[in-house]
Structures are given as structure tokens and as C-alpha cells.
Amino acid sequence: MATPKPIWRGHLRLALVSCPIALYSVVRGSRGLHFHLINPKTGHRIRSVSQDAETDEEVSRQDLVKGYEFEKDRYVLLDDEDFEQARIESSSTLTIGKFVDTGSIDPIFFDTSYYVGPDGKAGLDVFAVLRDAIRKSHTAALSRVVIAGRERAVAIIPSGDGLVCHTLLDPNDMWDAAPLWEDIGDVKPEADMVALAMQLIERQNGKFQPDDTQDRYEAKLREVIDAKLKGQGITPEEATEPDRGNVIDLMAALKASLGQDKAPAPKKRARKRVS
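Quick note: the sequence shown uses my numbering, first residue 1, plus one each step.
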């Protein structure tokens with residue numbers, strides 16, 4: 001079975017204990033449908049080219065270097081040696097700073113995930129000890145690592161026989177949700193309605209399965225592609241969208257959902273008189 005190539009290699013360190021590790025991408029990039037941009041008049045693919053912004057000369061990507069714009073249209077150029085000089089400890093070592101309760105990390109902070117595996121046979125016992133200790137303490141190990149030219153805060157959590165490293169978003173990179181929720185802060189739902197909603201949750205309570213994440217849209221799109229290849233068509237499913245203009249009796253809707261009554265009819269809104 002094919003295995004991914006490491007995207008980062010270094011050490012995992014806790015105090016004076018360390019072991020060699022490697023990070024591997026969790027996501028396989030080749031999966032799913034891929035599309036090309038096509039000129040419909042010729043049926044030919046469109047080719048993207050790199051051009052000099054001033055001379056319009058085509059340039060090979062392998063000849064390009066990175067540049068930082070310090071003034072308008074003025075750049076300082078950086079090569080591999082410059083980036084090497086900027087290396088810090090987290091470029092090669094994941095040093096665990098502290099441990100926190102896993103549930104205390106809001107899921108919105110999780111960004112990209114990487115498998116953490118031992119890098120070679122050396123340090124397997126240390127890796128296993130750290131994995132089991134983190135698992136039994138029900139905590140996440142917080143650390144930092146430099147990936148793709150940026151230092152990221154990470155949370156390391158046991159998974160299966162190994163560990164998973166989740167990069168964490170910086171709060172400055174996230175939108176503030178407060179303005180979106182300001183209208184619901186003072187809403188106090190009735191206790192009996194919440195109790196009915198909890199019954200609905202208990203009825204549909206189950207165990208997460210990987211199949212729950214299947215992309216049904218892609219499956220449908222494959223049907224469309226197959227049908228077009230055969231010169232056929234398919235009937236699209238009718239989208240069911242709630243009528244935002246209707247107001248329903250929430251208590252009746254909850255009871256109906258539990259099978260205690262018939263589905264409620266939408267309430268008619270009173271029309272305003274025009275003076």
C-alpha cells in the first residue's frame with residue numbers, strides 16, 4: 001500500500017525527552033474530480049503561462065525567485081540561503097510547551113491536519129510512551145512548527161497507533177462572530193421546547209462513521225458526466241428550501257417531529273393596513 005511522503009522531518013521534544021518524527025499530509029490531493037479550462041470554440045485546453053509584468057516576456061517558473069515588496073513596485077529578492085538563515089528552533093523541533101484539555105480547544109481553531117509518525121526505528125519507545133501518556137491524560141500537547149515559511153501553533157492529539165498534529169488558526173486570521181450573533185444573545189427559549197428538541201437529538205443519536213463525510217454532490221456530478229458521455233441527460237433533484245416568509249408554531253413542529261401530532265400548518269402573517 002502506498003504511503004505519503006513526509007512534508008516535514010525533525011524531533012518531538014518534551015523536556016529532556018525527544019524522538020525523531022515526520023509529518024505527513026492527511027489529505028490525498030489526487031482524489032476527486034478534476035476539471036480543465038477549455039476554449040469552447042476549439043475544444044482545446046487553456047495553458048497558463050508566467051509572464052513578466054512589464055515586458056510580457058514568458059518566464060519559466062523554475063527560474064523565478066521570491067521577492068518582498070518593501071516599497072511600491074520595489075522588491076528585495078530572497079533565495080534558499082536567505083530562508084535558511086531565518087531558521088528557528090521550531091523549524092526542526094516540535095517542543096511541547098504545555099498540555100490542555102482537548103475539549104477546551106474550540107473546533108473553529110483547527111486548520112490543517114498532519115499524521116505524526118516515528119522517523120525511523122530509533123525512538124520508537126519514546127514515541128509510544130508520549131502517545132500513551134497524552135492519551136491517558138485526555139489532553140492535547142501544544143507546540144509550534146514552521147511549515148511553508150510560517151510558524152504555526154499546533155495541537156498534537158493521539159489517533160489510532162500514532163499522533164495527529166493539527167495546525168491552529170491565529171485569532172487575527174479569523175472573522176469576529178460577535179456581530180453575526182448579536183441578535184440572538186438575549187433570546188431565552190422555553191424549557192419545554194428545549195426538552196422536546198433534546199428528545200429529537202436522542203432519537204437521531206448515533207456513532208460517527210467515515211462514510212458520513214461522503215461527497216454526495218460529486219457522486220451526482222459523476223452521474224451527469226457519465227450521462228453526457230452517453231448523450232443522455234438526468235433529471236435533477238428538486239431542492240427543498242424552507243419558505244422564509246412563513247411562520248410556524250414551533251411547539252407544534254417539535255411535537256410533530258416526534259410523531260406526537262400532525263405537521264403544523266404555517267401561520268398567516270397579518271397584513272399591514274395601508275393608510
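Here a beta-carbon is modelled for each residue, glycine too, at the ideal position from N, C-alpha and C.
query                                                                                                   : result
Reference Val65; option with closest CA among Gly123, Lys72, Ser50                                      : Ser50
Runs of alpha helix (DSSP H) wholly within the region 61-107 (minimum 4 residues, chain order)          : 80-85
Arg131: first and last residue of the uninterrupted beta strand (DSSP E) it sits in                     : Arg131 -> not in any beta strand (DSSP E); alpha helix (DSSP H) instead, spanning 124-137.
Length at least 3, wholly inside the region 154-179: the beta strand (DSSP E) runs in chain order       : 162-168
Beta carbon of Ile88 nearer than 8 angstroms to that of Val126                                          : no
Test item: CB-CB of Arg28 and His36 under 8 angstroms                                                   : no
Helix, strand or coil at Phe109 according to DSSP, with G and I counted as helix                        : helix
Meets three-Cβ-pair contact criterion under 8 angstroms: the region 188-195 and the region 150-170      : no
Lys79 versus Leu221: straight-line alpha-carbon distance, rounded                                       : Residue 79 is actually Asp in this sequence, not Lys. C-alpha separation (whole angstroms): 43 angstroms.
Separation of Ile201 from Lys207, as counted between CA atoms                                           : 13 angstroms
Counted within 10 angstroms of its Cβ, other Cβ atoms place Ser318 as buried (16 or more) or exposed    : No answer is possible for residue 318: it lies beyond the span of the chain, which begins at 1 and ends at 275.
Among Ile225, Leu23, Arg74, the one whose alpha carbon lies nearest that of His34                       : Ile225
Cβ-based neighbour list, Ala153, same chain, cut-off 6 angstroms, excluding 5 preceding and 5 following : Arg144, Leu168
Glu182 - DSSP class collapsed to helix/strand/coil                                                      : coil
Alpha carbon of Trp8 to alpha carbon of Leu250, nearest angstrom                                        : 52 angstroms
Option nearest Pro158 by Cα separation, candidates Leu77, Ala141, Leu94, Asp211                         : Ala141
When Pro6, Glu182, Ala15 are compared against Val116, the one with the closest alpha-carbon             : Pro6
For Ala256, three-class secondary structure by DSSP                                                     : helix
Straight-line Cα distance separating Arg74 from Ser113                                                  : 36 angstroms
Identity of the residue in Phe70, Val100, Ala227, Leu12 nearest Val129 by Cα                            : Leu12
Asp170 and Ile21 closer than 8 angstroms at C-beta                                                      : no
Rounded distance between the beta-carbons of Ile96 and Leu23, thought under 8 angstroms                 : About 15 angstroms; that fails the 8 angstroms criterion.
Span separating the alpha-carbon of Pro107 from that of Leu124                                          : 30 angstroms
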